[in-house]
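First comes the structure, then the notes that go with it.
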Amino acid sequence: MSYLYLILCVAFLMMSWENVRNDAALAQSSIPSEAIRLRILANSDSAVDQATKRVVRDAVVQAMNGWAAGPQTIEEARAALRSHLGEIEAIVARTLQDRGFSYRYKAELGQVAFPTKVYGEQVYPAGDYEALLITLGEGKGQNWWCVLFPPLCFLDSSSGDAAPKAEAAAAVADSKPDQLSKADAGKASAVAADAPAEAGQAPEAKFFIWELIKSFFSFLRGLFA
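Using the numbering used here, you'd call the opening residue of the sequence shown number 25 and step up by one each time.
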């Protein structure tokens with residue numbers, strides 16, 4: 025019985041810790057005025073090109089993990105990005121080559137056109153924003169974006185559309201270049217519309233937690249067997 029109490033306490037502590045982390049991420053879910061974004065444009069909307077975009081994203085973000093958090097000012101961030109542009113393009117080239125693609129690619133830092141974006145609880149109007157733009161092939165497919173400086177890209181590795189409340193910690197979004205404010209406004213409205221559905225998913229979440237506890241029991245039994 026003491027093991028049961030211990031496991032329950034550990035489970036509650038784990039859930040509390042996750043809540044604290046999520047709250048901290050949500051508190052940072054606004055883009056400061058001095059920021060540099062990352063935008064990756066896929067060659068097309070085909071399943072293969074979209075999958076390739078995500079592989080490139082993962083490779084680039086993984087490489088940036090080693091240095092993107094270092095700059096403390098936007099000037100330092102610009103300098104770091106410029107000094108690593110060759111490395112970033114080499115990563116893109118290698119990733120495309122490994123997947124058997126020969127289409128062109130480009131990485132550049134400058135003013136980049138963005139559609140209206142919803143990030144956390146903030147709406148950012150369409151316009152030109154400073155960003156590192158990685159274009160794959162024709163660059164006509166859905167794009168992935170996040171905030172490089174401050175380094176919000178690295179809070180979480182998951183992705184979603186226009187980063188609504190439940191995805192604010194992810195600091196990323198996928199959207200079509202030609203779907204501007206109307207589409208994004210619809211997504212923002214969908215957050216409120218989906219609230220009842222999320223509430224209805226609570227039993228599934230509880231079932232998952234119960235499965236987690238049972239797995240932990242099995243793990244302990246394995247230790248003492």
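By construction, the Cβ of each residue, glycine as well, lies at the ideal position given by its N, Cα and C atoms.
Coarse secondary structure for Trp-169, derived from DSSP in three states: Of the three classes helix, strand and coil, the one that applies to Trp-169 here is strand, per DSSP.
Residue nearest to Thr-119 in terms of C-alpha spacing, selected from Glu-162, His-108 and Ala-83: The candidate whose alpha carbon is nearest that of Thr-119 is Ala-83.
Contact the stretch 65-79 vs the stretch 101-110: 3+ CB pairs below 8 Å: Taking a contact to require three or more Cβ pairs closer than 8 Å, the stretch 65-79 and the stretch 101-110 do not qualify as touching.
Close Cβ partners of Ala-117 (< 7 Å) along its chain, the five nearest in sequence each way excluded: The residues are Tyr-129.
Those runs of the beta strand (DSSP E) which lie wholly inside the stretch 106-141 and span at least 3 residues: With a minimum length of 3 residues, the continuous beta strand (DSSP E) runs that stay inside the stretch 106-141 are 129-138.
Same chain only: Cβ atoms within 6 Å of Ala-207, ignoring 5 sequence neighbours per side: For Ala-207, the predicted structure reports a pLDDT of 38, less than 50, and the residue's modelled location is therefore unreliable. A value from the coordinates is still provided. Cβ neighbours of Ala-207 beyond the five flanking positions: none.
Reduced DSSP secondary structure (H/G/I, E/B, other) of Glu-162: Of the three classes helix, strand and coil, the one that applies to Glu-162 here is coil, per DSSP.
Beta-carbon separation (whole angstroms), Leu-157 vs Val-136, contact threshold 8 Å: Contact between Leu-157 and Val-136 holds: their C-beta atoms lie close to 5 Å from each other, under 8 Å.
Same chain only: Cβ atoms within 6 Å of Lys-164, ignoring 5 sequence neighbours per side: Once the five neighbours on either side are set aside, the close Cβ partners of Lys-164 are Ser-68.
Burial state of Val-80, where buried means 16 or more other Cβ atoms lie within 10 Å: Buried: at least 16 other Cβ atoms inside 10 Å.
Asp-69, DSSP secondary structure in three states: In the structure shown, Asp-69 sits in coil (DSSP, three-state: anything other than H, G, I, E or B).
Reference Leu-172, options Phe-138, Ile-98, Ser-126 and Ala-66, closest by Cα: When only C-alpha atoms are compared, the closest one is Ile-98.
Ile-112 versus Ala-59, Ser-126, Gly-124 and Thr-159, residue with shortest Cα-Cα distance: Comparing alpha-carbon positions, the option among Ala-59, Ser-126, Gly-124 and Thr-159 lying closest to Ile-112 turns out to be Thr-159.
Trp-169 to Tyr-153 span [Cα, whole Å]: The alpha-carbon atoms of Trp-169 and Tyr-153 are separated by roughly 12 Å.
Local Cβ density within 10 Å of Asn-167, reported as buried at 16 or more and exposed below that: Flag for Asn-167 reads buried.
Pairwise C-alpha distance: Arg-123 and Gly-161: Their backbone Cα atoms lie some 14 Å apart in a straight line.
8 Å Cβ cutoff met for Ile-60 and Ala-155: A contact, by the Cβ cut-off of 8 Å.
8 Å Cβ cutoff met for Ala-87 and Pro-95: Ala-87 is not a Cβ neighbour of Pro-95, given a cutoff of 8 Å.
Pairwise C-alpha distance: Leu-62 and Pro-175: Each residue's alpha carbon lies about 10 Å from the other.
Straight-line gap, Gly-90 to Ala-104 (C-alpha atoms, nearest Å): Looking at the two C-alpha atoms, the distance is approximately 12 Å.
Spatial neighbours of Glu-132 in its chain, beta-carbon cut-off 6 Å, leaving aside the 5 residues before and after: Once the five neighbours on either side are set aside, the close Cβ partners of Glu-132 are Leu-157.
Where Ile-98 sits in the DSSP three-state scheme: Helix, per DSSP.
Own chain, CB closer than 8 Å to Ala-71, minus 5 neighbours either side, in chain order: Around Ala-71: no qualifying Cβ.
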